[in-house]
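In this note's numbering, the protein residues as written are 9 to 184. Read the structure below first, then the notes.
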């Protein structure tokens with residue numbers, strides 16, 4: 009299994025924080041995030057079946073996904089730390105605001121923030137594949153305008169070979 013894990017680690021992914029609100033707010037760092045559909049707008053995240061977040065997501069109707077920038081590695085590490093406080097207190101260490109549509113906690117400064125209504129959940133072996141219908145989203149004006157260059161806060165935080173990394177497209181994006 010260790011060899012398979014290393015093979016999977018050859019695929020660079022973005023880094024997100026998945027959140028739920030309500031009476032017991034919770035956040036979790038996740039790199040298993042994918043856009044699924046534009047019509048209807050759907051995304052998915054995968055959550056380990058033994059994760060506390062899975063139990064927090066079960067009764068929740070809504071969840072949030074914040075796509076982290078390269079400047080937010082500390083945020084990713086915070087929500088990956090099992091010793092962080094529980095409930096709303098775990099959000100004291102980061103900037104966040106409630107989503108405009110669902111009030112789920114969303115991470116300030118993220119490259120993109122999505123508010124979702126749970127749409128479907130699927131058995132994914134030792135993970136649950138959670139599909140959300142996007143009911144609200146936002147991007148900061150700097151992200152919407154395009155990245156001004158490598159090494160800026162607008163670069164994406166990546167996870168590759170078991171480590172956080174950054175990589176930006178730079179001033180010129182590929183033409184389509």
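The beta-carbon is built from N, C-alpha and C at its ideal position, and this holds for glycine as well.
Whole-angstrom distance between residue j and residue i, CA atom to CA atom
| i | j | result |
| --- | --- | --- |
| residue 105 | residue 77 | 17 Å |
| residue 40 | residue 95 | 23 Å |
| residue 21 | residue 166 | 6 Å |
| residue 11 | residue 132 | 20 Å |
| residue 168 | residue 19 | 7 Å |
| residue 172 | residue 23 | 8 Å |
| residue 113 | residue 15 | 33 Å |
Which of helix, strand or coil DSSP assigns to residue i
| i | result |
| --- | --- |
| residue 97 | helix |
| residue 71 | strand |
| residue 16 | helix |
| residue 118 | coil |
| residue 141 | strand |
| residue 135 | strand |
| residue 29 | coil |
| residue 149 | helix |
| residue 85 | helix |
| residue 76 | coil |
Identity of the residue in the options nearest residue i by Cα
| i | options | result |
| --- | --- | --- |
| residue 66 | 90, 148, 34 | 34 |
| residue 125 | 136, 143, 131, 137 | 143 |
| residue 32 | 131, 68, 89, 123 | 68 |
| residue 44 | 15, 149, 168, 127 | 127 |
| residue 146 | 174, 110, 135 | 110 |
| residue 135 | 172, 70, 61 | 61 |
Supposed close pair residue i, residue j - CB separation, criterion 8 Å
| i | j | result |
| --- | --- | --- |
| residue 17 | residue 75 | That pair is no contact at about 20 Å. |
Legend entry - Stretch-stretch touch, CB-based, cutoff 8 Å, three pairs: the segment 22 to 33 with the segment 96 to 115: yes
Inset, instruction - Would you be able to state if there are at least three C-beta pairs under 8 Å between the segment 128 to 144 and the segment 44 to 56? - result: yes
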